[in-house]
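First the structure, in the form of structure tokens, and then the observations on it.
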Amino acid sequence: MSTAVFFDLDGTLLEFTKPYREVIEATLNACLDRSTAALVETYNENFYEAFTAIEPEPYRHGMRAVRAEAESDVAPEALVSELYEREVAMTTVSDGARKLTESLAERHHLGVITNGLTEWQRAKLAHHDLLERFGTVVTSYEAGAHKPDSAPFELARERVDADTYVMVGDDYEADIEGGRQAGFVPVHLDRGVSGGTQVRDLGALSNLLDSLA
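Counting in the UniProt record's numbering, the sequence shown runs without a single skipped number right up to 213 at its last residue.
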């Protein structure tokens, strides 16, 4: 029986080395020589407004609003470029996750289903030399809707023919409920809770997958 194992990206395969707010603050300090709570909030509000609606270039949408509020002549593209580099660099992959996914790739088709822009999400995988390990990368921007909508999961099914589809993620609503509704076997990565289809860490995933065979 063939099994396709899909992972969420941010917070599951990749962990963050610092709060994302600090990445925004560092970006504004680097480009504008200042960062205030109001500017960070302006960025977040405008970014998420565009991101939620799957509008093109949500990062630029957020930074244009920051630029206007700060009355700066710094190009929005410069702010976005700085944020891009910092967002990619602030992610990390544990040794356990590397070893596990290397082992799983020998037995299963591995993929990623992630809410985000294709270029940014694939860049994170490439930064950690993981892009080739995951044969299928599906982003919500490609699918036209964010998890838990069924569209990203359906697109993954279209790209991979398997008997069983598994979704591993840390976000209960987006990954677990979304995956379950789409017919995936959901595995909740909850580092504080165990039991049922929950696992504390990715190292516990191998045995669970073997039980599905």
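Backbone N, C-alpha and C define an ideal beta-carbon position, used for all residues, glycine too.
Annotated three-state conformation of Val66 is helix, per DSSP. Distance check between Asp190 and each of Ser103, Glu15 and Ala151 places Glu15 closest, using alpha-carbon atoms only. For Leu110, the uninterrupted beta strand (DSSP E) run begins and ends at His109 to Thr114, by DSSP.
Going by C-alpha positions, Asn44 is about 7 Å away from Gly62. DSSP lists Met167 as the bridge partner or partners of Pro186. Taking a cut-off of 8 Å for Cβ pairs, the region 18-30 and the region 107-116 do not touch, as fewer than three such pairs fall below it. Residue burial annotation: Pro19 is exposed, with fewer than 16 other C-beta atoms found within 10 angstroms of its C-beta. With distances taken between CA atoms, Val93 lies nearest to Thr12 out of Gly179, Gly116 and Thr12.
With fewer than 16 other Cβ atoms from the protein chains shown falling within 10 Å of its own Cβ, Tyr48 counts as exposed. If you look at Thr139, you'll find it in the beta strand (DSSP E) that goes Thr136 to Thr139.
Per DSSP, the beta-bridge partners of Glu15 are Thr92. Secondary-structure assignment with DSSP links Val5 through a beta bridge to Leu110 and Val166. DSSP, read as helix, strand or coil, puts Asp175 in helix. By the criterion of a C-beta distance shorter than 7 Å, Arg21 is surrounded in its chain by Val40, once the five residues flanking it on both sides are discounted. Bridge pairing for Asp129: absent [DSSP]. Scanning its chain for C-beta atoms nearer than 6 Å, with the 5 sequence neighbours on each side dropped, one finds around Ile113 the residues Phe6, Val138, Pro152 and Ala156, in chain order. Asn115 is positioned such that its CB atom lies no closer than 7 Å to that of Ser150.
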